[in-house]
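First to last, the sequence lines map onto chains A and B. The first sequence begins at 1 in the working numbering and counts up by one. The second sequence begins at 259 in the working numbering and counts up by one. Here a beta-carbon is modelled for each residue, glycine too, at the ideal position from N, C-alpha and C. The model shown is predicted, which means the values in this text are computed figures rather than measured ones. Here is the structure we will look at, set down as structure tokens.
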Amino acid sequence: MAMLLKISHNITAFFTEIGELSYFAIHFFKEATKRPFEFKELLRQCYNMGNKSLLLVGVTGFILGLVFTLQSRPTLMEFGAESWMPSMVSIAIVREIGPVIIALICAGKISSGIGAELGSMRVTEQIDAMEVSGTNPFKYLVVTRIMAATLMLPLLIIFGDLIALVGSALIENLKGDVSFLLYFNKVINALKFSDIMPATGKSFFFGFAIGLVGSFKGYHCKKGTVGVGEASNSAVVYASMLLFIIDFIAVFVSDIFF
Amino acid sequence: MKTPNNIAPVLKIKDLKKSFGDHHVLHGFSMELYEGENVVIMGKSGSGKSVMIKCLVGLMQADSGFIEIEGKNLAELNEQELNILRTEIGFLFQGSALYDSMTVRENLEFPLRKRNIKAAEINKMVMETLESVGLTSAIDLMPEELSGGMKRRVALARALILKPKIIIYDEPTTGLDPITAKEIIELMKEIQLKYRTSSLIITHDIDCARVISNRMILLIDGINYIEGTFSDLLHAEDKKIRAFFK
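In structure tokens form, the structure reads like this:
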């Protein structure tokens, strides 16, 4: 009986949180379309999220390209199809692996960062201080962060994809004697509009989810400093889960249209 | 609405009630604050002092009761009107609540954003306010580089920048050493004289209450148990009141 009660309590808590997150998203759209706009803070957040994630995304993308090519090479060689390597790697990275892996990395960095920052602002009453001074803290802190994440993630994903292809080209050059020019020529020939568009489209949703979940968890942080840790941690977990759900929907929808 | 002396209060609270589930914090708290007056509210931890001041500035919704600031009923204001009214109130938070990603200058400039004030005028206001708390040299420092007392001074400067008519102090001397606490109390007195503000001070510090209060309210079990001057309360016979001053 106690077990059943606990399960029912957890299910209720889960759906309550989904409801609150949806309300938070609606609040975002309402505030994002109302004047005055916080352009300066938006630019600062874009710089923080974009610039400070470049190294992490670059290193991840580069290793992703290296490993993917190294692992795929023996199998393709078995079938005498190593000339297909640039096409296969580029399609796989641009369509699926690049966006998902880089979004997961960004969920770890950006979402937890937002959760921890807003959480600590909440427990140290900085958000209350903004409200008391007649400023709308939701607009200043939340709207700018969600918008910055939505705008920056596609750019980070494109950057990460390019670096992954450079990594892959490097392996092909070292192991297969394929020149960089030939490699990228094959990549450009292999990639179609229907490969690039759905991937770019879904990356905006990935960015929105990362910003939304991080902000939601941080803005509603409770229980003092312990709560800040919890907000940061659960922001990563929820954002990662949400990324897979969005990815599934995006693949399903793009399968219909492309 | 007028007092016997024919002066309208700048702040009036009547029968304020607030509960969290089954836990009743405020049971019908009432008070008035007049222009230029310093009212100190004392009470044990958990007696509802912080909840009361959060209701005052709209950070929390009271279950019932009436709050009137500058003749405006808080419950009847929309968000925009409430934000305008908030500029009439300065709030000094217990932990200072400085924005830790901003310098001292940016902390002070923050409430002035979006108010169509020219940059030169903003700079002048910031310098003047920092001067009144004696911290012009710290203008480009980050909050992490300030001591506890300096943080409290900057927070006070930020509360003053919009030249509010009422200042609410939430435990202004908590966490400070006795010398710094004394300096902050002196500063509060100076500011009250310079800016002619009305102050509502929440404190546990008997020295602070003695020096600064014109009137004191003892908050016990969610109601204003007794009201009077520091001397009245100090010499009261009631056991609950005496326990405070021991």
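Helix, strand or coil for I397(B), going by three-state DSSP, please let me know. coil
Roughly how many whole angstroms lie between the Cα atoms of K307(B) and F62(A)? 57 Å
Under 8 Å between beta-carbons, which chain A residues line up against P369(B)? List them in chain order, please. S133, G134, T135
Mind listing which residues of the region 105-127 of chain A have their C-beta closer than 7 Å to chain B's C-betas, in chain order? T124, E125, Q126
CB contact check: A74(A) to chain B, cutoff 8 Å: The sequence given here has Pro at residue 74(A), not Ala. No, no contact with chain B.
Here's the rule I'm using: 16 or more other beta-carbon atoms within 10 Å means buried, otherwise exposed. How should M121(A) be labelled? buried
With H, G and I counted as helix, E and B as strand and the rest as coil, what does DSSP make of M259(B)? With a pLDDT of only 41 at M259(B), under 50, the local geometry of the prediction cannot be trusted, and the value read off the model is given with reservation. Coil, per DSSP.
Any C-beta of chain B sitting closer than 8 Å to the C-beta of P99(A)? no
Under 8 Å, Cβ to Cβ, is there at least one residue of chain B near A13(A)? no
Under 7 Å from the C-beta of I36(A): neighbouring residues of chain B: Before going further, note that residue 36(A) is Pro rather than Ile in the sequence given. Here the neighbours are K372.
Taking all protein chains shown into account, decide if V213(A) is buried (16 or more other Cβ within 10 angstroms of its Cβ) or exposed. buried
CA-to-CA distance, G65(A) to I91(A), given in whole angstroms: 12 Å
Do we get a CB-CB distance below 8 Å when we pair A231(A) with the residues of chain B? no
Rounded to whole angstroms, how far is the Cβ of L156(A) from the Cβ of I102(A), which I believe are closer than 8 Å? 6 Å
Contact defined as beta carbons within less than 8 Å: I believe I347(B) pairs with P422(B). What is the distance between those atoms, to the nearest angstrom? 5 Å
Taking only beta carbons into account, state which residues of the region 334-362 of chain B come closer than 9 Å to chain E, listed in chain order. Checking the listed chains, one finds no chain E in this structure; the protein chains it contains are A and B.
Mapping DSSP to helix, strand and coil, what is V94(A)? helix
Using Cβ-Cβ distances below 9 Å, what residues of the region 469-498 of chain B are close to chain A? none
Reference V236(A); option with closest CA among S112(A), L76(A), G119(A), F257(A): S112(A)
Grab me the residues of K260(B)'s own chain with a C-beta within less than 7 Å of its C-beta, minus the 5 sequence neighbours each way, in chain order. Confidence at K260(B) is low in this model, with a pLDDT of 44, below 50, so its placement is unreliable and the value that follows should be read with caution. Counting only Cβ-Cβ distances below 7 Å, and skipping sequence neighbours, we find A266.
Can you tell me which residues form a DSSP beta bridge with G480(B)? In the DSSP output, where bridge partners are listed per residue, G480(B) has none listed.
Could one say the Cβ of A129(A) lies closer than 8 Å to chain B's Cβ atoms, at least one of them? yes
In chain A, which residues lie less than 7 Å from V315(B) when you measure between Cβ atoms? V132
Pop quiz: L434(B) and I425(B) are said to be a contact at Cβ under 8 Å. What is the actual Cβ separation, rounded to whole angstroms? 18 Å between Cβ atoms; not a contact.
Just confirm the distance between the C-beta atoms of S354(B) and R410(B), as a whole number of angstroms; I'd bet it's less than 8 Å. 6 Å
As a quick exercise: from A32(A), E172(A), M85(A), G108(A), pick the residue whose alpha carbon is nearest that of S240(A). G108(A)
Whole beta strand (DSSP E) elements within the region 398-431 of chain B, 3-residue minimum: 424-428
Limits of the unbroken alpha helix (DSSP H) element including V226(A): 224-257
Note the first and the last residue of the continuous beta strand (DSSP E) segment covering L340(B). Segment 337-344 is the alpha helix (DSSP H) holding L340(B); no beta strand (DSSP E) there.
How would you call V251(A), buried or exposed, if buried means at least 16 neighbouring beta carbons within 10 angstroms? exposed
Following the continuous alpha helix (DSSP H) through S305(B), name the residue where it begins and the one where it ends. Neither: S305(B) is in no alpha helix (DSSP H) and is coded neither H nor E.
Assigned secondary structure, M1(A) (DSSP; H/G/I helix, E/B strand, else coil): coil
Residue from D496(B), E402(B), T455(B) with nearest C-alpha to M360(B): E402(B)
G98(A) and G160(A) look like a contact to me (Cβ under 8 Å); what is the Cβ gap, rounded to whole Å? 6 Å
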